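Just add 222 to wherever you are in the sequence shown, counting from 1, and you've got this note's numbering.
Where is the CB? At the ideal position from N, CA and C, for every residue including glycine.
All of these numbers come straight from a predicted model, not from anything done at the bench.
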Amino acid sequence: MKVISGKLLIVVMIILFGLQIAQAKVGLVLSGGGARGIAHVGVLKVIDELDIHIDYIAGTSIGAVVGALYAMGYSADQIEELLLNNYFEEILDDSVSRENLYIGEKRWLPFANISFDLEQGYRPTLPSSFFSGNRLTNKLYEYYFPGYYLESFDQLPIPFRAVATNIVTGEKKVFDSGSLQQAVRASMSVPSIIAPFEVEGELFIDGGVRNNFPTEVVQQMGADTIIGVKVNTGLHGRDKLNTLLQIYDQTVNITINDNVKKSEKKCDILISPKLDNIKTSDFTRKEEIIKLGETAAKEQISLLAELATKDKSTLKKIPEKISFSKIRVQGNKNISATKVREFVGLRTGVLYNKKQISNAIEKAYNSLLFKTIYPVIYRDGKQHILLIHLQENNDKKLGVALSYSDHNHLVVGATLELNNVLQRNSKLLFNLKQAGKKEINLDYVKNYGKFYGAYYRIFGFLREYETYSYNEDHQVEKSVLTGQGGTTLGLGLFAQNAIILEFYTYALKSRHYQHIAEFENQELLHSGIGLKAYHESLDDIVFPTRGGSIFGKVSMDRSELLSDIDNTEIFVKMLLAIPLGNLSLKYGLEYGAQDSQEAQEFSPFFVGGIDSFLGLFPNEMNAPVYQLNKLSLQLQPIRNFFLEFQYNSLTFGESVELLVDGESQVIHGFGMITGWQGFFLPLRGAVGIDEKWQTHFYLSIGYEFDDFFFSRK
C-alpha cells in the first residue's frame, strides 16, 4: 500500500510539474535603439515560425512601436511590410508639400531655409527638437487605429506596456491604458531629435533615458520566462568621440547602458543581434537589419523551441466606418474650437473610415496654423468621441535664407513673419536681402475667409540689382546698376486649391546708372493698373515631378495716372509636369510683350540661366517681345536626387507682329541639370550647350529666385 502511494505521489508530482511548465507565462522585452530596433522584426519572424505564444510584451522607443503592433495581433511579416513600405525620413519630415498648401500661401515662393519662433520681445528661440513629430504621431494613429476602443492594454491579444520618461520629474512612466498611439509616441520622443510629447498634462521623452530594457515590467505583469531582445548601442571607444553628435550620443548611452546591464540578468533568453556597424539613424538598411535580427534569434533556436506554444489571438474586427457623437478640441489657445473643427471638416453623425479621418487632420495641418494636430478616438458605451489634440504655431517667426547662384552670387536674407498679429487672418512679411541682392520688401495681406474669399494687399519695396550686356561670344561688355522702389495695392479673390485673381494699382520708379563702362543715367516712372491670376498644383517648386502652374498678368502704364509713358505689358509663365513612374515629362512656356518703345529700351524682358534658357548665361538675352518653350525629361534614379535633360527654343523680336509673322530671331539650346533636394536647401548644377556648341556651366544653391514674384507690379 505504501509502495502504491509512493508511486502515485511521484505521478502526481510529474503531472503538476508538467502543468506548471505548460502554464509558464512568456514575456517578451524589446529595447530601444533607433533603426537598430528594426531587428526586433527578424526576431519576431523566428518566434512566429516556432509558433511560440507570447503572453506579455513591454517595449521602449522603437521596441514599443514594434511591440505594440505585435501585441495587437499583427504578424511579424505584416510588421515587416509596414516598416519596409514607409520611409522614416518622410515620417519625420513635418514640412507641408507645396502641392498641399492652400492657394493663399502660394502667393510667395519659399523665402527661408530655416525659421525660428520669436518669443516675447521678438527674441529668436531654438526649437526643442529637430522634428516636431506631427507626421509620426498621425502615422501611429493609422497603425493602432484597430485598437482605439480598448480601455486597457491588457485587453490586447497580448497584454502590453510602453515605457517613457517624465521630463519634468525624471521618473519612469509605464503606460498600461489610454491611447496606444499616445503611449508609443511618448515612448519614442528621442531627446533633441523628436519633440517631447504631452499626455494628460504631463510631458514625456524617450523611455530609454530611464529604462531602455524593461524586463522588470514583464516580470510584474506575470512573466515566468523572459525573452529579451537588446539592440541598443554600446559605449564608443575614444577614437569615436570626436564630434558633437558622438559626444552627445555617448552621454546618453552611459545612463542607458547602466540600466540595460541590470535588466539583462533577468532574461532567460537574451538575443543580441550583431549590429556593431549599424547606426541608430541607418533606416535605409532596414532589410539588412531584419536579417541580422533573424540570424541572432536562430542562434537561440534550441532554447526558444522549448517554450510552450499555442495559437495567437487577434483583435476583434471593428466596423470599417464609425461616426462621432462629439468632436472635442484640446490644446488651442488663440484659435477657437469652432474654427479648428471648421479646418478639420469632420462632423458628428457622419460615417468616416480611418483614412478619411487622417486626411481631414492633414488638411487642417496644411493650413500652417498648427505645430502639431492629431486625432485620438475614445468610446463611451456604443458612442465614439473624437478628441483633436493640437499645438498652435507661433504667430511670430524669423526666417533665415542663404543662397548662391552664378547670377546673384552669395545672398543672405532674413524675413520677419507675423501671422494674425496686426489683424485676424492676416500675414505681414518684412524681408531683407544683402550681398549679391540688395532688397527690402514689405508685404501685408489681410484675408476674408479661410478656403474661399477676398483679400487686400499692400506691398512696398526697394532694391538694387546689376545687369550685364554680352557680345556674340557671350562675353560681358558692360554692367549697369538699376535701382527700383515702388508700391502695389491689390484687391483679390482666392479659392482654396484653384486660383488667385488680383486687381492692382501700382507706382514704380526705376533708375539706371553707370557702373562699368560709360552710361547715361536714366529714370522712368511707371504707374497704372493691372490684373494678375495664378494657379499652382506643383509638388515642389525646384524639382517638380507632378502638377502644374500658370501665372499671367496684364499691366497698363498710363500717363493720366502720372506715368512717364503709356505702355501695356503682358506676361505669361506656365509649367506642366506629368509623372511617368520614376520619370516626369515637363513642358514650360514663357511669353512676354510690351508695346512702348521707351519701356522696351528701359526694362525689357531678360532670358537665360538654369531656370530660364540653358545655353545662355543668366539674364544674357533681353528683348521687348519673346516666347520661350522648354521640353524636358526628369529622372529620379535615387531618393532626393534628380537628373533632367532639357531642350529649349527662344523666339524674340522687336514687336508682337514680327513674332507672329515668324520674322523674329530664333535660337536653340539644350543641356542637363543634376540636383539634390537637401533637408534645408536644394542644390543644382547644370551644363548648357548653345547653337555654336559652346558650353555654359551653372550652379544654384538654395532658393535664389524672387520670393515676391506675385506681389510685384
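By the beta-carbon neighbour count (other beta carbons within 10 angstroms, threshold 16), TYR674 is exposed. As the crow flies, the alpha-carbon of ILE832 is around 25 Å from that of GLY803.
VAL265: member of the alpha helix (DSSP H) spanning 261-271, first to last residue. Buried is the label assigned to ALA280, since at least 16 other Cβ atoms lie within 10 Å of its Cβ.
In terms of CA proximity to VAL268, GLU302 leads the group ASN669, ILE284, ALA246, GLU302.
Within the model, the alpha-carbon separation for ALA815 versus ASN556 is close to 47 Å. Beyond the five residues adjoining it in sequence on each side, GLY285 comes within less than 7 Å, by CB distance, of LEU252, SER253, GLY254, GLY259, HIS262 in the same chain, given in chain order. In the DSSP assignment, PHE565 falls within the unbroken alpha helix (DSSP H) covering 559-566.
Three or more pairs of CB atoms, one per stretch, sit closer than 8 Å, so the region 429-439 contacts the region 389-408. Note on geometry: alpha-carbon atoms of TYR363 and LEU872 lie some 52 Å from one another. When secondary structure is reduced to three states using DSSP, LYS513 falls in the helix class.
In the three-state scheme derived from DSSP, where H, G and I count as helix and E and B as strand, LYS484 is classed as helix. In this structure, DSSP gives GLN441 a helical state, which the three-state scheme calls helix. Proximity of the region 538-554 to the region 304-311 falls short of the contact definition, fewer than three beta-carbon pairs being nearer than 8 Å. Spanning the alpha carbons of SER374 and GLY400 requires a straight line of approximately 6 Å.
According to the DSSP assignment, GLN300 belongs to the alpha helix (DSSP H) that extends over 298-306. In the structure shown, the three-state DSSP call for ASP833 is coil. Residue environment: TYR670 is assigned as exposed (fewer than 16 neighbouring CB atoms within 10 Å of its CB, all protein chains considered). Put simply, the backbone Cα of ILE313 is about 14 Å away from that of TYR596. C-alpha of PHE546 to C-alpha of SER317: approximately 29 Å in a straight line. About 5 Å separates the beta carbon of SER337 from that of LYS619, a gap short enough to meet the 8 Å contact definition. In this structure, GLY769 lies away from LEU783, with their beta-carbon atoms at least 9 Å apart.
For MET294, there is no enclosing beta strand (DSSP E); the residue is found in the alpha helix (DSSP H) stretching over 284-294. Taking the Cα positions, ALA518 is about 25 Å away from SER409.
Beta-bridge annotation (DSSP): GLN706 is paired with ARG685, SER732.
Of all alpha-carbon atoms in SER411, GLU913, ASN841, the one lying nearest the alpha-carbon of SER627 is that of ASN841. Residue pairing for ARG550: DSSP places it in a beta bridge opposite LEU609.
With three or more CB-CB distances shorter than 8 Å, the region 725-733 counts as touching the region 700-713. In terms of Cα proximity to ASN653, the closest of LEU857, PHE353, SER933, SER580 is SER933. Its chain contains ALA623, LYS655 as the residues whose beta carbon lies nearer than 6 Å to that of GLY635, once the 5 sequence neighbours on both sides are disregarded; these appear in chain order.
Contact annotation, GLY910 with GLY893: C-beta distance approximately 4 Å; criterion of less than 8 Å satisfied.
Bridge partners of LYS649 according to DSSP: ASN641, VAL667.
Where THR570 is concerned, there is no enclosing alpha helix (DSSP H), because DSSP gives it neither an H nor an E. The straight-line gap separating the alpha-carbon atoms of LYS488 and ILE448 is approximately 7 Å.
Taking all protein chains in view, the Cβ of THR437 is crowded by 16 or more other Cβ atoms within 10 Å, so the residue is classified as buried.
Looking at the DSSP output, ASP762 bridges to nothing.
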